[in-house]
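Undergrad: Below you'll find the structure I mean.
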Amino acid sequence: MGAYILKRLLQLIPTMLIPSVMVFMLIFFSPGDPASLMLGPDATMEQIAQLRTQMGYDQPVAVQMARWFSNLLKGDLGESIFLNQPVVQAIGEHLGVTMALTIFAMVIASSIGVTLGVVSAVNRGKPLDQAAMIFSVFGVSIPEFWLALNLILFFSVYHQIFPIGGYVPFFEDPAGCIKTLFLPAVSLGITQAAFIARMVRSSVLEILDAEYVRTAMAKGLLYRKVVMKHVMKNAMVPTVTVVGMTFSVLLGGAIAIEMVFNLPGIGRLLMNAVLRRDYPLIQGIVLFIAAAYIVINLLVDLIYVYIDPRIEY
Amino acid sequence: MTRWKKMLQQRRSALMGLVLVGFVLTAALGAGWFARFTPDEMDVTNRLLAPSWEHLMGTDEFGRDLLARVLYGARNSLTVAFFIVVAAVGMGLVFGLMAGYYPRMDTVIMRVMDGLMAFPGIVLAIAMMGAMGPSMLNVIVALGIVYTPRVARVVRSFILTVRESQYIEAARAMGALDTRILFYHILPNCFSPIVVQASFIFSYAILGEAALSFLGVGVPATLPSWGNILSEGRVYMQIAPWLTVFPGLSIMITVLGLNMLGDGLRDFLDPRLKK
């Protein structure tokens, strides 16, 4: 197991290589000189030239790339132009909110999604199944930021149950944190709950048709026991896969949700960077999100091995 | 034709999806006919009016008719989404065909595709829009690139299964060129999985464009699109909720229709994926 984990950790290096090159190349998508775009129309020629030299944009591409990778290996993502602070530090300051939001949304998505998926598979074709599937078809079709606006309207404007925005760190005031993050997490989690419900339903249905389930039933085991002991255990692997997959969508969706609820997270930091054309900050955040996603996928793979001993490593 | 009819009869939800998509398409194409105002016609004396017979969806902060904006917005949103599908399917086909048919190119192409999939789609699109600046074409380029790997993977895996089959071997033995084999013998056979993917990409594209425009990095604010209208309406949401309700509903109905149609198409064209 230890060797397997080490092997998978080493595999992270080539996996991260291509996304890093892509993030480096983002700068070449800009429709002109990145230095003058960053400084805006009021900048003097000297300022532009100075920034160009500072960022190394006047160097050949190969040199720029070598510099980018050598800094990256040192854990240096560069300096944000507008915040005047290292990108890594800026990300660190905003990470807590996004983490709290995505984890909260993940809990909501997986608990609702898995329950609905299992319940509707076990009650296949019955009204409960149909209701759950109608929820999931609608759920995957709702833009999460629109759901967020409607929830604000109902729960914050018409009935003052939850605050419209703001954020309280979990370790300062856990109850306050949950209260401020409840609506954002629900808006983010519901669409993914719908997605998880669909996938879990189909994998549970597949297992219910398996011969070993028929054997267990034929043995005279209680249906409840068959579902809990045989079906659920085997449905774990596909369920973990789906839940892992949703993480990337949650990270992406968190951007719009943070903007709607005015949460000072990575998503809002990214949007501010984009609106100010703060290229080093954009690159840093995007690379960070890709790395987080890749690490989560690795964790999911490691969980497989733990929950399903049949998987070889 | 009867085959398709049968599919729609058997799968009620696919029929429902087709009706919804048809409804939205008709509304978008007939925008000029259905709307009594133009989308940019301002009337400051009639600001923020609630829905009425005169203005079925109400008016916005400049007194512009929301129905007209949502209908013309449908045109822009659907056009952008359509070209995103064209771009993603086009690029995905080319890369998928090359990766699947030429083993030497496989590793390089698929590693790049994996690299693209290492980012949450919307994050990559926002980053590209941030670098390129907001415009309709850039939205198409950014989201087209984001969805390319989905098509490329499907096409590649299909080609890997048929590459060594006898009819390809026969074509090769008869001296057919690679291009002929690829476009004449292989491509028509991967039509079904591509259509299924395309229908889902269409719905992702609608959601993606709406999210980008909502965040202010998509279609420029001068053109109405569902995401833009939502973004503008958000400011007045507390006193004029119709400004966010109607464009959001339009997005939801379209995506719902496309998803239902996509599910039906998938079960019909690609029964192996049916679950």
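Protein chains in written order, with our numbering: chain A, 7 to 319; chain B, 25 to 299.
Glycine residues also receive a C-beta, built at the ideal position from the N, C-alpha and C atoms.
1) Classify residue 62 of chain B as helix, strand or coil using the three-state DSSP reduction.
2) Please state the DSSP three-state secondary structure of residue 85 of chain B.
3) What's the C-alpha gap between residue 163 of chain A and residue 169 of chain A?
4) Look at the alpha carbon of residue 226 of chain A and the alpha carbon of residue 137 of chain A, and state the distance between them as a whole number of angstroms.
5) Please state whether the Cβ-Cβ distance between residue 97 of chain A and residue 294 of chain A is less than 7 Å.
6) Out of curiosity, what's the CA-to-CA distance linking residue 236 of chain B and residue 260 of chain A?
7) Using C-beta distances below 7 Å, list every residue in its chain close to residue 100 of chain A, excluding the 5 sequence neighbours before and after it, in chain order.
8) Taking the DSSP output, what are the residues bridged to residue 85 of chain A?
9) Let's test the definition: count the other Cβ atoms within 10 Å of the Cβ of residue 283 of chain A and tell me whether it reaches 16, buried, or not, exposed.
10) Out of A/189, A/185, A/41, A/156, point me to the one whose CA is closest to residue 54 of chain A's CA.
11) For residue 155 of chain A, collect the residues of the same chain with a Cβ closer than 7 Å to its Cβ; drop the 5 residues on either side in sequence, then sort them by chain order.
12) Got a sec: which bits of the stretch 151-172 of chain A sit with their beta carbon under 7 Å from any beta carbon on chain B, in order along the chain?
13) Alpha carbon to alpha carbon, how far is residue 120 of chain A from residue 196 of chain A?
14) Can the beta-carbon of residue 284 of chain B be found closer than 7 Å to that of residue 37 of chain B?
15) Is there contact here, the stretch 39-48 of chain B with the stretch 60-79 of chain B, by at least three beta-carbon pairs under 8 Å?
16) Could you compute how far the alpha carbon of residue 214 of chain B sits from the alpha carbon of residue 165 of chain A?
17) Residues in its own chain within less than 6 Å of residue 156 of chain B by CB, not counting five upstream and five downstream?
18) Using only alpha-carbon positions, find the residue among B/240, B/223, B/263, B/241 that is nearest to residue 290 of chain B.
19) Under three-state DSSP, which class holds residue 282 of chain A?
20) Measuring CB atoms only, is the stretch 89-103 of chain B touching the stretch 120-127 of chain B, in the sense that at least three cross pairs come out at less than 8 Å?
21) Taking just the CA atoms, how far does residue 251 of chain A sit from residue 325 of chain A?
22) Using the beta-carbon count (16 or more within 10 Å), is residue 299 of chain B buried or exposed?
23) Pick out the complete alpha helix (DSSP H) segments inside the stretch 146-225 of chain B, 4 residues or longer, and give them in chain order.
24) If you drop the 5 nearest sequence neighbours on each side, which residues of the same chain put their C-beta closer than 8 Å to that of residue 249 of chain B?
25) Do residue 109 of chain B and residue 225 of chain B come within 7 Å of each other at the CB atom, strictly closer than that value?
26) Between which two residues does the alpha helix (DSSP H) containing residue 5 of chain A stretch?
27) Count the CB pairs spanning the stretch 129-147 of chain B and the stretch 298-306 of chain A that are closer than 8 Å, and state whether there are at least three.
28) So with Cβ pairs under 7 Å, would you call residue 193 of chain A a contact of chain B?
29) Please report the distance separating the alpha-carbon of residue 28 of chain A from that of residue 255 of chain A.
30) So with CB distances below 7 Å, who are the chain B contacts of residue 72 of chain A?
31) Mind checking whether residue 280 of chain B and residue 147 of chain A have CB atoms under 7 Å apart?
32) Have a look at A/243, A/83, A/201, A/158 and flag the residue whose alpha-carbon is nearest the alpha-carbon of residue 312 of chain A.
33) Taking three-plus beta-carbon pairs below 8 Å as touching, is the stretch 145-155 of chain B in contact with the stretch 169-176 of chain B?
TA: In this structure, then:
1) coil
2) coil
3) 9 Å
4) Cα-Cα distance, rounded: 30 Å.
5) yes
6) 13 Å
7) Closer than 7 Å at the Cβ level, and outside the excluded window around residue 100 of chain A, lie 270, 271, 272, 275.
8) As a beta-bridge residue in DSSP terms, residue 85 of chain A pairs with A/92.
9) buried
10) Nearest option by C-alpha distance: A/41.
11) 266
12) In summary, the residues of the stretch 151-172 of chain A whose CB is separated from some CB of chain B by less than 7 Å are 151, 152, 155, 159, 163, in the order they occur in the chain.
13) 12 Å
14) Taking 7 Å as the cut-off, the Cβ atoms of residue 284 of chain B and residue 37 of chain B count as close.
15) no
16) Here the alpha carbons of residue 165 of chain A and residue 214 of chain B stand approximately 53 Å from one another.
17) 162
18) B/223
19) helix
20) Contact annotation: the stretch 89-103 of chain B does not touch the stretch 120-127 of chain B, with fewer than three C-beta pairs closer than 8 Å.
21) Given a span of 7 to 319 for chain A in the structure shown, any question on residue 325 of chain A remains unanswerable.
22) At residue 299 of chain B, the pLDDT of 44 sits below 50, so the modelled position is not reliable and the matter cannot be decided from this model.
23) 160-186, 190-197
24) Hits under 8 Å: 97, 100, 101, 104, 233, 234, 237, 242, 243.
25) yes
26) Residue 5 of chain A is absent from the structure shown; chain A starts at 7 and stops at 319.
27) Touching, yes, given that three or more Cβ pairs across the two stretches are closer than 8 Å.
28) no
29) For residue 28 of chain A and residue 255 of chain A, the distance between alpha carbons rounds to 20 Å.
30) Simply none; closest approach about 19 Å.
31) yes
32) Cα-wise, what sits closest to residue 312 of chain A is A/243.
33) Cβ pair count under 8 Å is three or more, so yes.
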